[in-house]
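To keep things clear, I will list the structure first and then write my remarks on it.
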Amino acid sequence: MQTETKSAKVKKDLYERIRPEVYKATGVFPSIGEFINQAIQEKLDSLKTKTKSK
């Protein structure tokens, strides 16, 4: 569980660091929804892998 929390913090930190740079380059703020969807998908994939290995 602690690893998941650490991963979420890393993703949030990454999002907050790249957001201004993306805005400067494109004039559009990136969606945090994409980051959330990616995190959910990674969690689902890890659960599928754990289930298959049992």
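Okay, so the sequence shown: first residue is -11 according to my numbering, each after it adds one. Even glycine gets a Cβ: it sits at the ideal position worked out from N, Cα and C. Treat the numbers as computed from the prediction; the structure is a model and nothing was measured.
Give the DSSP-derived three-state secondary structure of Met(-11) in the structure shown.
Its pLDDT being 47, under 50, Met(-11) is placed unreliably by the model, and nothing is read from it.
What is the DSSP secondary structure of Phe23, counted as helix, strand or coil?
Residue state, collapsed to three classes: helix.
Determine, using beta carbons only, whether Leu2 and Phe17 come nearer to each other than 9 angstroms.
It is not a contact, given that the beta carbons lie outside the stated cut-off.
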